[in-house]
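Peer 1: Sharing a structure here in structure tokens format.
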Amino acid sequence: MFIFRHHPSLKTMMRTLSAAIAVVLTTSDTSSAFTAVSRPNQSHRHRHRHRQPVPAGALLAKTFHVDESLDQLTVTPIATLSGTVTLPGSKSLSNRCLLLAALSDGDTRVENLLDSDDIRYMLQALDALGVPVARDPDDPAAVTVEGRAGPIDSPAPDTTLELFLGNAGTAMRPLAAALCMGKGKFVLDGVPRMRERPIADLIDGLKQLGAEVDCVESTGCPPVTINAKTLTGGQASISGKMSSQFLSSLLMAAPLIDGDVTISIKDELISAPYVSLTIALMKKFGVTVQIQGDMDAAPSFLIPATEKYTSPKSILVEGDASSASYFLAGAAITGGTVTVRGCGSDSVQGDVAFADVMERMGATVTWAPESITVTRDPNTKLKGVDVDCGKIPDAAMTLAVAALFAEGPTTIRNVYSWRLKETERMKAIVAECTKLGATVEEFEDYCVIHPPEGNEIKDNVVIETYDDHRMAMTFSLAACGGVNIIIRDPGCTAKTFPTYFEMLGSIAE
């Protein structure tokens, strides 16, 4: 059992240790040939990573360069992206599967589990909570979770159990709700940025259901303090404007309550596809959520007391659709042909709709049940678009870089949630696109990106990643403009996609 407590210097430590970069040493200097950011081998006992040798297959990939002393990686000019990519497991689905498996009656084998920081935080929390999780020695992407057949009680009822969850919103929000349904005292905390990410709407909903739970009153953010005494049903009405994770967290916790639960949205629901994903996954674990009203407006949800989680025995995590966006956009930008495997027309993830945006810009998209292929006729230029991205806010970041290569401006609408993510993404997108030569108009919940004149991207621009994995991956695509792009803190991709640069290099020419 491992309990992770907040430490004032933790962010500095985590940032320093997050650059787990595989390096092919060509000289004794700190400037080295780089093939991939490898999957970090983070032990369960220590929050640090160890450098690993480059996998043999990666030596055939395009070589990038890393300066270890400055902790930055140079993505060298990319002429074309072409090939097939097998996506790692979805972050959102991985952590949801782990939690629902822990709450279910029976053991569940979870396959294609994402190997990343956010999932490790969830696994560490389950260990600390006394939920048995067996790792498969022959398959590092598979675990078997021994379900509790109901709420998770504290293994140390006479003390307060502290759980450190880094910057993992997909662990913080669902655990905050689920732990209110059992018995025990808990404190859920994270890195300094997590203490800036709102959770008050979720806390409000839990209190309406009778939970003894609080966050920091002055900020509405973690740490979250819970005094759990089990709950007996009721109604909650919450805002859906800020994050769909609050509703998803309440929905996942509701079957643990001894009574009917009704949850309603009192204004509007953003990122509705993520809620649909949650409901579809709950169905696989035996729980049917009754939906009333329009999911794109102000719906309500009923979870009868008779609904309880039952293990599906095994479940396969879909490939991450948000991560697919980088490769699909790269194909659209360069005119190459890229197929992503792991999500397609049968996907439960809303971010697959990013492929439709690429098609509107001028790319050709081919769908299969479990894959998507994107290419572009060299005689067809990408054109700017005006898109409501409220349902695909993560993939919308990738659109910001694709916009640099289009004719005419691109307007990315309904993305206020950018301001509440791992960093203040609206400010970050505006700043880094401007560095590359674009003119960007910033508004409260949308931005307008005017591409550089002649779509000429500035060379050797240093991209700040703000400790945000998606900033690093998104802006690496600027190298498709035939320029060097320098990524600061490339190891921040370990949050969701530790092998991103390896995979990018494998299809880059």
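Residue numbering for the sequence shown is 123 to 631, as defined by the working numbering.
All residues carry an ideal CB built from backbone N, CA and C; glycine is no exception.
Note that the structure is a prediction, hence the values are computed from the model and not measured.
Figure out for me which residue from Leu526, Leu399 and Ser467 has the closest Cα to the Cα of Gln367.
Peer 2: Residue numbering aside, residue 367 sits at position 245 when the sequence shown is read from its first letter. Nearest of Leu526, Leu399 and Ser467 to Gln367, Cα basis: Leu399.
Peer 1: So which of Val338, Pro296, Gly355 and Val309 has the shortest CA-CA distance to Leu369?
Peer 2: Residue mapping note: residue 369 aligns to position 247 of the sequence shown, counting from 1. For Leu369, the nearest C-alpha among the options comes from Pro296.
Peer 1: With DSSP collapsed to three states, give me the class of Gln471.
Peer 2: Stepping through the sequence shown from its first residue, residue 471 is reached at position 349. In the structure shown, Gln471 sits in coil (DSSP, three-state: anything other than H, G, I, E or B).
Peer 1: With burial defined as no fewer than 16 other Cβ atoms inside 10 Å of the residue's Cβ, what is the status of Glu429: buried or exposed?
Peer 2: Working through the sequence shown from its first residue, we reach residue 429 at position 307. Buried.
Peer 1: From Leu438, Asp416, Phe619 and Cys602, pick the residue whose C-alpha is nearest to that of Ile392; which is it?
Peer 2: Here the question's residue 392 lines up with position 270 in the sequence shown. Selected option, being the one with the closest Cα: Asp416.
Peer 1: Under a CB-based cut-off of 8 Å, is Pro279 close to chain C?
Peer 2: Absent here is chain C; the protein component of the structure consists of one chain.
Peer 1: For the beta strand (DSSP E) containing Lys213, name the first residue and the last one.
Peer 2: The residue you call residue 213 lines up with position 91 of the sequence shown. It is not in any beta strand (DSSP E) - Lys213 instead sits in the alpha helix (DSSP H) that spans Lys213 to Leu225.
Peer 1: Nearest CA to the CA of Ser238: which residue from Ala443, Ala454, Lys388 and Thr615?
Peer 2: In the sequence shown, counting from the first residue as 1, residue 238 sits at position 116. Among Ala443, Ala454, Lys388 and Thr615, the Cα nearest to that of Ser238 is on Thr615.
Peer 1: Less than 8 Å separating the beta-carbons of Ser276 and Leu285?
Peer 2: The residue given as residue 276 occupies position 154 in the sequence shown. The residue given as residue 285 occupies position 163 in the sequence shown. Taking 8 Å as the Cβ cut-off, Ser276 and Leu285 do not qualify as a contacting pair.
Peer 1: Can you name the start and end residues of the beta strand (DSSP E) that Leu310 belongs to?
Peer 2: Stepping through the sequence shown from its first residue, residue 310 is reached at position 188. Per DSSP, Leu310 belongs to the beta strand (DSSP E) from Lys305 to Asp311.
Peer 1: Considering only residues of the same chain and omitting the five flanking positions on each side of Ala381, which have a CB-CB separation below 6 Å?
Peer 2: Mapped onto the sequence shown, residue 381 falls at position 259. Checking the sequence, you will find Gly at residue 381 rather than Ala. Excluding positions up to five away in sequence, the list reads Thr354, Gly355 and Ala427.
Peer 1: Between which two residues does the beta strand (DSSP E) carrying Cys343 extend?
Peer 2: Against the sequence shown, residue 343 aligns to sequence position 221. Annotation for Cys343: the continuous beta strand (DSSP E) segment containing it runs Cys343 to Lys351.
Peer 1: Find the nearest neighbour of Lys388 within the set Val409, Thr410, Phe423 and Ser371, judged by alpha-carbon distance.
Peer 2: Sequence index remark: in the sequence shown, residue 388 carries index 266 (1-based). Here the closest residue by C-alpha is Phe423.
Peer 1: Return helix, strand or coil for Cys465, following the three-state DSSP convention.
Peer 2: Walking along the sequence shown from the start, residue 465 turns up at place 343. The answer is coil: DSSP assigns Cys465 none of H, G, I, E or B.
Peer 1: DSSP state of Pro612, grouped into three classes?
Peer 2: Within the sequence shown, the letter at position 490 stands for residue 612. Looking at Pro612 - three-state DSSP - the assignment turns out to be helix.
Peer 1: Give the list of continuous beta strand (DSSP E) stretches no shorter than 3 residues that lie fully inside the region 571 to 627.
Peer 2: 583 to 585 and 607 to 610
Peer 1: Could you pull the start and end residues of the alpha helix (DSSP H) that Lys405 belongs to?
Peer 2: Taking the first residue of the sequence shown as position 1, residue 405 is located at position 283. It spans Ala394 to Lys406 - the alpha helix (DSSP H) in which Lys405 sits, taken as one unbroken run.
Peer 1: As a quick exercise: from Thr384, Ala394, Ala517 and Glu481, pick the residue whose alpha carbon is nearest that of Asp442.
Peer 2: Position 320 of the sequence shown holds residue 442. Minimum Cα distance to Asp442 is reached at Ala517.
Peer 1: With distances taken between CB atoms, is the gap from His591 to Glu544 smaller than 8 Å?
Peer 2: Counted from its first residue, the sequence shown places residue 591 at position 469. Counted from its first residue, the sequence shown places residue 544 at position 422. Pairing His591 with Glu544 gives a Cβ-Cβ distance under 8 Å.
Peer 1: Return the chain-ordered ranges of every beta strand (DSSP E) run that is complete within the region 468 to 512 and spans a minimum of 3 residues.
Peer 2: Unbroken beta strand (DSSP E) runs of no fewer than 3 residues, entirely contained in the region 468 to 512, are found at 486 to 490, 493 to 497 and 508 to 510, following chain order.
Peer 1: If we count the other Cβ atoms within 10 Å of its Cβ and call it buried at 16 or more, is Gln471 buried or exposed?
Peer 2: For the purposes of this step, residue 471 is identified with residue 349 of the sequence shown, where counting begins at 1. Answer is buried; the Cβ neighbour count reaches 16.
Peer 1: Counting along the chain, where does the alpha helix (DSSP H) carrying Leu372 start and finish?
Peer 2: Here the question's residue 372 lines up with position 250 in the sequence shown. Per DSSP, the continuous alpha helix (DSSP H) segment holding Leu372 begins and ends at Ser366 to Ala375.
Peer 1: What separation, rounded to the nearest whole angstrom, lies between the Cα atoms of Asp611 and Met593?
Peer 2: By 1-based counting over the sequence shown, the position of residue 611 is 489. By 1-based counting over the sequence shown, the position of residue 593 is 471. Their backbone Cα atoms lie some 10 Å apart in a straight line.
Peer 1: Is Gln246 buried or exposed, if buried means 16 or more other CB atoms sit within 10 Å of its CB?
Peer 2: Along the sequence shown, read from residue 1 onward, the residue named residue 246 stands at position 124. Buried.
Peer 1: Can we say the region 194 to 206 touches the region 227 to 235, given the rule of at least three CB pairs closer than 8 Å?
Peer 2: With fewer than three CB-CB distances shorter than 8 Å, the region 194 to 206 does not count as touching the region 227 to 235.
Peer 1: Quick one: measure Cβ to Cβ for Gly408 and Glu390, integer angstroms, because I've assumed they're closer than 8 Å.
Peer 2: Working through the sequence shown from its first residue, we reach residue 408 at position 286. Working through the sequence shown from its first residue, we reach residue 390 at position 268. The pair is not a contact, with the Cβ atoms about 30 Å apart (cut-off 8 Å).
Peer 1: Check the C-beta distance from Ile585 over to Thr196 and give it rounded, since I have them as a contact under 8 Å.
Peer 2: Taking the first residue of the sequence shown as position 1, residue 585 is located at position 463. Taking the first residue of the sequence shown as position 1, residue 196 is located at position 74. Wrong, their Cβ atoms sit about 10 Å apart, outside the cutoff.
Peer 1: Helix, strand or coil for Asp382? Go by DSSP, reduced to three states.
Peer 2: Along the sequence shown, read from residue 1 onward, the residue named residue 382 stands at position 260. Looking at Asp382 - three-state DSSP - the assignment turns out to be coil, as it is neither helix nor strand.
Peer 1: How many angstroms separate the CA atom of Lys503 from the CA atom of Ala446?
Peer 2: Numbered from 1 along the sequence shown, position 381 holds the residue referred to as residue 503. Numbered from 1 along the sequence shown, position 324 holds the residue referred to as residue 446. Straight-line Cα distance between these residues: approximately 22 Å.
Peer 1: Measuring only the C-alpha atoms, how far is Arg547 from Lys617?
Peer 2: Sequence index remark: in the sequence shown, residue 547 carries index 425 (1-based). Sequence index remark: in the sequence shown, residue 617 carries index 495 (1-based). Each residue's CA atom was taken as its position, placing Arg547 and Lys617 some 16 Å apart.
Peer 1: If you count every other CB in all the chains shown that lies within 10 Å of the CB of Ile629, and 16 or more means buried, which is it?
Peer 2: In the sequence shown, residue 629 corresponds to position 507, counting from 1. By the 16-neighbour rule on beta-carbons within 10 angstroms, Ile629 is buried.
Peer 1: If you check the beta carbons only, do Thr292 and Asn217 fall under 8 Å apart?
Peer 2: For the purposes of this step, residue 292 is identified with residue 170 of the sequence shown, where counting begins at 1. For the purposes of this step, residue 217 is identified with residue 95 of the sequence shown, where counting begins at 1. Taking 8 Å as the Cβ cut-off, Thr292 and Asn217 qualify as a contacting pair.
Peer 1: By the DSSP assignment, the alpha helix (DSSP H) with Val452 in it spans what residues?
Peer 2: On the sequence shown, residue 452 is found 330 positions in, with the first residue counted as 1. Here residue 452 is Gly; the residue named in the question, Val, does not match the sequence. Note, Gly452: alpha helix (DSSP H), Ala443 to Thr456.
Peer 1: According to DSSP, is Val460 part of a helix, a strand, or is it coil?
Peer 2: In the sequence shown, counting from the first residue as 1, residue 460 sits at position 338. Here Val460 sits in strand by DSSP.
Peer 1: Could you tell me how far apart the beta carbons of Leu209 and Val507 are, in whole angstroms, since I believe they sit closer than 8 Å?
Peer 2: Position 87 of the sequence shown, counted from the first residue, corresponds to residue 209. Position 385 of the sequence shown, counted from the first residue, corresponds to residue 507. Not a contact, Cβ separation roughly 24 Å.
Peer 1: By Cβ distance below 8 Å, which residues in the same chain neighbour Glu233 in space, the five residues on each side in sequence not counted?
Peer 2: The residue you call residue 233 lines up with position 111 of the sequence shown. Within the same chain, Glu233 has close Cβ partners Asp261, Ala263, Ala264, Ser436, Ile437, Leu438 and Val439.
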